[in-house]
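Each residue of the sequence shown is one higher than the last, beginning at 0 in numbering that gives the first Met the number 0. To start, the structure itself, in structure tokens.
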Amino acid sequence: MDHSPHSVFARILGNTGILIGSRVVNAVCSFVYVAWAAQALGLQNFGIMLLVTTFAAMICDVTHLQSWQSLLHYGTSYFEKKQFDRFNDVLIFCIRADFLSGLVGMLAGLAGVALLGSSFMGWSKHIQFDAALCMLTILCMNTGWSTGMLRLCNHFKLVPVYEFLTSCVRTAGTGIGFFCHFGIGYFLLVWSLSQLTMFVSCSCAGIYLVKKHIGHFPSLSSILSTKTRIPDIWSYTVKTSINQVLESFFSQGATLLIGGRLGASEAAVYKVARQISNGLAKPAQLMIPTLYPEFIRMRDAQDWNGIRNVILKIFGIIIAFSLISLTLTAPVGNRLFSYMLHDVWPGQQTILLLLVGGSLLDICLIPLEPFLVMVDRISILLRWRVIVMCLYFPLLFVFMRVGGIKGASLETLLASLMMFVVCALPVLRLLNQKVAQTPQMQ
Numbered sequence: 000m001d002h003s004p005h006s007v008f009a010r011i012l013g014n015t016g017i018l019i020g021s022r023v024v025n026a027v028c029s030f031v032y033v034a035w036a037a038q039a040l041g042l043q044n045f046g047i048m049l050l051v052t053t054f055a056a057m058i059c060d061v062t063h064l065q066s067w068q069s070l071l072h073y074g075t076s077y078f079e080k081k082q083f084d085r086f087n088d089v090l091i092f093c094i095r096a097d098f099l100s101g102l103v104g105m106l107a108g109l110a111g112v113a114l115l116g117s118s119f120m121g122w123s124k125h126i127q128f129d130a131a132l133c134m135l136t137i138l139c140m141n142t143g144w145s146t147g148m149l150r151l152c153n154h155f156k157l158v159p160v161y162e163f164l165t166s167c168v169r170t171a172g173t174g175i176g177f178f179c180h181f182g183i184g185y186f187l188l189v190w191s192l193s194q195l196t197m198f199v200s201c202s203c204a205g206i207y208l209v210k211k212h213i214g215h216f217p218s219l220s221s222i223l224s225t226k227t228r229i230p231d232i233w234s235y236t237v238k239t240s241i242n243q244v245l246e247s248f249f250s251q252g253a254t255l256l257i258g259g260r261l262g263a264s265e266a267a268v269y270k271v272a273r274q275i276s277n278g279l280a281k282p283a284q285l286m287i288p289t290l291y292p293e294f295i296r297m298r299d300a301q302d303w304n305g306i307r308n309v310i311l312k313i314f315g316i317i318i319a320f321s322l323i324s325l326t327l328t329a330p331v332g333n334r335l336f337s338y339m340l341h342d343v344w345p346g347q348q349t350i351l352l353l354l355v356g357g358s359l360l361d362i363c364l365i366p367l368e369p370f371l372v373m374v375d376r377i378s379i380l381l382r383w384r385v386i387v388m389c390l391y392f393p394l395l396f397v398f399m400r401v402g403g404i405k406g407a408s409l410e411t412l413l414a415s416l417m418m419f420v421v422c423a424l425p426v427l428r429l430l431n432q433k434v435a436q437t438p439q440m441q
């Protein structure tokens with residue numbers, strides 16, 4: 000595989016293009032099934048459904064270990080050198096980590112529904128029961144090791160297959176619920192079935208790649224009994240996972256706080272506006288999965304100058320994409336907002352512009368976060384995420400009290416701006432140091 004900056008950048012764009020293509024169908028289906036669910040349930044009940052699924056997604060993100068990053072970080076060199084015995088050690092660790100974290104997540108979700116469902120979220124006993132059933136799905140929501148295999152083998156073309164299957168299940172199920180006028184319990188069941196479809200199809204793709212490149216898949220006994228011989232893999236996995244935990248609290252926590260403070264309808268408005276803003280920024284965000292394996296290969300080759308060139312090119316694309324997204328927000332995003340909620344909300348255009356601005360700042364982190372993880376400086380990310388969160392959530396109550404959803408959207412934008420600035424400065428310093436040291440190491 001060619002590791003020159005030009006080839007790396009071309010692969011990044013090519014793989015990102017595949018992911019964008021797979022998400023086009025998913026995005027269209029998303030707008031359809033959200034609109035159907037909102038119209039079938041009404042804004043209040045739709046907001047409750049979103050709060051349940053958001054809670055499940057947050058618990059999943061908080062408890063699940065990011066094993067795919069460990070698979071790439073520790074397994075890439077073994078895989079490329081065909082040292083499959085050592086690679087199997089990494090793979091077995093990742094499979095086991097996915098299962099254990101899924102089990103912890105399921106138990107945490109059930110406990111969270113029991114403790115917070117009525118006291119904080121105000122859910123009825125019936126909604127709590129449906130929510131508890133949803134939490135069982137968390138056991139099978141982590142596709143870390145299989146996702147890592149797709150990225151390690153550069154088989155991004157398999158992603159459209161399982162995402163298409165997931166979209167079909169969710170859209171068909173939601174359509175049935177819309178035309179038959181089913182309630183919240185049914186729509187939560189459809190959400191759970193779509194998560195299970197994603198897990199099964201992605202796992203099958205991962206098993207296929209393991210058998211294709213290695214010849215056999217690890218046995219159940221080896222997965223259960225083999226001891227991890229890779230030093231520091233647990234600490235690395237925990238640190239990268241903590242970063243994901245903090246990011247999930249930042250992105251999902253606001254919706255839950257708005258629901259608990261302002262009501263389910265306001266939470267639905269914020270969630271849908273956030274979904275539209277993320278949808279406009281999604282094509283650029285899909286570059287993240289393609290960066291990690293390429294950066295690790297270039298790191299192993301000590302091509303720091305090539306990494307800098309790739310980062311600069313990516314920023315050029317992000318700037319151009321940001322201008323296009325801001326231009327489309329008013330005419331396109333506004334109409335999507337009204338269509339999906341089947342209603343017009345006061346100030347919805349301002350909310351959209353603020354959240355799109357926050358999403359565009361988030362995608363500026365695309366080349367920065369993988370770099371910090373790759374050079375094992377994730378402590379910088381963790382430290383600043385904690386600081387930003389400690390400022391974000393107390394101020395969120397103030398901004399909500401003064402400006403409602405608009406205030407919450409403005410606070411999201413300011414937090415994203417701060418996170419970008421504090422990550423960009425150390426990346427620039429570290430990258431310049433690496434480039435300056437490269438001639439001395441050759």
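The beta-carbon is built from N, C-alpha and C at its ideal position, and this holds for glycine as well.
Considering only the beta carbon of each residue, do residue i and residue j sit closer than 8 angstroms?
i: Thr53; j: Leu255; result: yes
i: Leu208; j: Val51; result: no
i: Gly116; j: Cys59; result: no
i: Tyr391; j: Ala414; result: yes
i: Arg260; j: Met399; result: yes
i: Met418; j: Leu364; result: yes
i: Val31; j: Thr165; result: no
i: Ala267; j: Gly46; result: yes
i: Phe83; j: Ile213; result: yes
i: Asn141; j: Ser202; result: no
i: Leu409; j: Gly402; result: yes
i: Gly356; j: Leu412; result: yes
i: Leu367; j: Ala423; result: yes
i: Ser66; j: Thr227; result: no
i: Lys238; j: Ile377; result: yes
i: Ile317; j: Ile362; result: yes
i: Val189; j: Val33; result: no
i: Thr349; j: Lys405; result: yes
i: Ser200; j: Tyr161; result: yes
i: Asn277; j: Ser358; result: yes
i: Ile257; j: Glu265; result: yes
i: Val434; j: Asn304; result: yes
i: Ala204; j: Leu157; result: yes
In terms of alpha-carbon separation, which member of the options lies closest to residue i?
i: Ile306; options: Ala113, Ser166, Val426; result: Val426
i: Thr146; options: Gln251, Ile213, Thr289, Phe216; result: Thr289
i: Leu451; options: Ile318, Phe370, Ile313, Ile137; result: Summary: the structure shown does not reach residue 451, with the chain confined to residues 0 through 441, and so no result is reported for it.
i: Arg150; options: Asp302, Phe294, Lys312, Ile232; result: Phe294
i: Gln432; options: Cys201, Asp302, Thr411; result: Asp302
i: Met134; options: Pro230, Val112, Trp35; result: Val112
i: Tyr269; options: Asp129, Gln38, Leu42; result: Leu42
i: Ala56; options: Ser358, Ser250, Val401, Leu360; result: Ser250
i: His180; options: Ala36, Phe314, Ser193, Tyr161; result: Ala36
i: Val421; options: Ile386, Ala9, Leu409; result: Ile386
i: Gly108; options: Ala96, Phe92, Gln127; result: Gln127
i: Arg298; options: Pro159, Leu132, Asp375; result: Asp375
i: Phe198; options: Gly262, Val168, Ala435; result: Val168
i: Phe163; options: Ser193, Asn153, Met148; result: Ser193
i: Cys152; options: Ser123, Lys124, Phe92, Lys81; result: Lys81
i: Met388; options: Phe370, Pro369, Leu416; result: Leu416
i: Phe92; options: Trp233, Ile313, Met148; result: Trp233
i: Leu102; options: Gly315, Trp144, Cys139, Pro369; result: Cys139
i: Arg296; options: Ala319, Pro369, Ala130, Leu114; result: Pro369
i: Gly13; options: Pro159, Phe155, Lys124; result: Phe155
i: Leu40; options: Arg85, Phe98, Ala263; result: Ala263
i: Gly143; options: Phe98, His125, Leu114; result: Phe98
i: Tyr291; options: Leu49, Ile323, Met148, Met48; result: Met148
Which whole-angstrom value is the C-beta distance of residue i and residue j, which I expect to be below 8 angstroms?
i: Leu90; j: Leu70; result: 7 angstroms
i: Asn44; j: Ile183; result: 6 angstroms
i: Val372; j: Gln68; result: 7 angstroms
i: Ile222; j: Ile94; result: 5 angstroms
i: Leu64; j: Ala96; result: 5 angstroms
Using a Cβ-based criterion (distance less than 7 angstroms to any ligand heavy atom), does residue i qualify as near the ligand SAH?
i: Gly108; result: With respect to the ligand SAH, the structure shown offers nothing to examine, as it has no ligands at all.
Quiz item: Okay, do the region 110-125 and the region 68-82 touch, 3+ Cβ pairs below 8 angstroms being the bar?
Solution: The answer is no - the region 68-82 does not touch the region 110-125, with fewer than three Cβ pairs under 8 angstroms.
Quiz item: For the region 201-218 against the region 172-183, are there 3 or more C-beta pairs whose distance is under 8 angstroms?
Solution: They do not touch, by the three-pair rule.
Quiz item: Quick check: the region 378-395 against the region 230-247, are there 3 or more CB pairs under 8 angstroms?
Solution: yes
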